[in-house]
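Just add 60 to wherever you are in the sequence shown, counting from 1, and you've got my numbering.
Quick reminder that beta carbons are idealized off the backbone N, C-alpha and C, glycines included.
Computed from a predicted model, the values in this text were never measured in an experiment.
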Amino acid sequence: MPRMSDAWGSYSCTTLRVACFDITMVILSMGGWRLTSYAKLTSTRVASFIRSHIICRYGVPHELILDRGAHFRAEVETLLQKYGIQHHRSSAYRPQTNGAVEAANKNIKRILRKMVETSQDWSEKLPFALWAYRTSFRTPTEATPYSLVYGMEAVLPIETEMGSLRVALEQQISETEWAQARFDQLNLLDERRLRAADHVQAYQRKMAHAFRKRVKPRPLYKGDLVLRMLRGLIGDPRRKFKPNWSGPYVIRELTPEGAAWLTDLDGNQFLEPTNVDQLKKYYV
61 MPRMSDAWGS
71 YSCTTLRVAC
81 FDITMVILSM
91 GGWRLTSYAK
101 LTSTRVASFI
111 RSHIICRYGV
121 PHELILDRGA
131 HFRAEVETLL
141 QKYGIQHHRS
151 SAYRPQTNGA
161 VEAANKNIKR
171 ILRKMVETSQ
181 DWSEKLPFAL
191 WAYRTSFRTP
201 TEATPYSLVY
211 GMEAVLPIET
221 EMGSLRVALE
231 QQISETEWAQ
241 ARFDQLNLLD
251 ERRLRAADHV
261 QAYQRKMAHA
271 FRKRVKPRPL
281 YKGDLVLRML
291 RGLIGDPRRK
301 FKPNWSGPYV
311 IRELTPEGAA
321 WLTDLDGNQF
331 LEPTNVDQLK
341 KYYV
């Protein structure tokens with residue numbers, strides 16, 4: 061028997077940092093529906109969030125894609141094993157792996173910047189920023205995330221203030237007619253989600269084609285000397301003068317999935333793999 065979560069496929073989960081807080085950001089992959097919980101993150105809190113905000117609301121998902129944060133281990137791994145959820149980790153920093161989440165992070169931050177009045181009130185504005193995102197038309201799906209979850213569009217405050225046609229028509233029909241119209245919407249929900257999935261695939265093919273036309277691949281091989289990209293260091297006093305690359309390192313092993321295991325020039329091995337997207341060839 062199909063589960064409700066089948067309509068969404070996989071869930072992606074990562075961390076968005078705002079001010080001194082970490083926000084758990086979860087994306088239902090197909091619809092772009094965002095769930096958040098902001099707090100000082102620990103594995104216990106993340107496990108509680110997955111249980112109460114995902115499993116208890118939408119059912120047990122097939123799989124969950126996590127980044128390599130320490131708060132996604134311990135209790136989280138135990139919870140996923142308990143419910144039989146497939147657990148996939150994105151290889152060391154690669155935004156494309158959790159592309160929907162990374163895009164959501166960027167958009168949520170942009171919305172918050174326009175809404176906040178002081179540096180301290182962002183947490184009060186976060187629910188409204190999420191609501192704005194959920195009710196906005198998304199190009200990849202050609203629909204709003206809200207409509208893909210509930211089968212109808214949300215009634216916005218301006219519609220009640222200005223008296224939109226939809227609100228006016230709903231006030232003129234009987235409760236029985238409204239219930240039948242809502243039932244018809246729910247019957248068409250699966251079709252709407254499948255159509256959105258087709259739009260997403262077509263959009264991804266279009267973006268991939270444009271990327272391949274613009275970017276020339278430069279393959280790396282085992283034994284190559286490479287430089288490794290340094291991610292932004294919070295509080296680095298050097299600011300714009302901080303280095304962008306470290307190395308050189310030697311590629312000890314390459315996997316078909318695009319992960320590289322590195323060693324330094326003294327033969328010391330890295331404990332975690334690095335994605336080849338974060339490497340560039342070093343020329344002696």
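Spanning the alpha carbons of P200 and G327 requires a straight line of approximately 45 Å. Restricting attention to alpha helix (DSSP H) runs no shorter than 4 residues, the stretch 226-305 encloses them at 235-247, 249-274, ordered along the chain.
DSSP lists no bridge partner for I168.
Residue range 182-194 is occupied by the alpha helix (DSSP H) that includes A192.
A Cβ-Cβ separation of about 7 Å places R226 in contact with E219 under the 8 Å criterion. Contact between P308 and L325 holds: CB atoms are separated by about 7 Å, below the 8 Å threshold. For L322, the enclosing beta strand (DSSP E) begins and ends at 319-323.
Annotated three-state conformation of V310 is strand, per DSSP.
For L126, the enclosing beta strand (DSSP E) stretches over residues 123-126. For A163, DSSP records no beta bridge to any residue.
In the structure shown, the three-state DSSP call for T204 is coil.
Between L246 and G223, the C-beta gap is not smaller than 8 Å, which leaves the two residues out of contact. By alpha-carbon distance to R252, the top candidate from A320, S306, S207 is S207. The three-state reading of DSSP puts T199 in coil, since its state is none of H, G, I, E or B. Following the DSSP letters along the chain, one finds L140 inside the alpha helix (DSSP H) bounded by residues 135-143.
By a beta-carbon distance limit of 8 Å, W182 contacts L172. Their separation comes to about 5 Å. Contact between R170 and L139 does not hold, since their C-beta atoms are separated by about 32 Å, which reaches or exceeds 8 Å.
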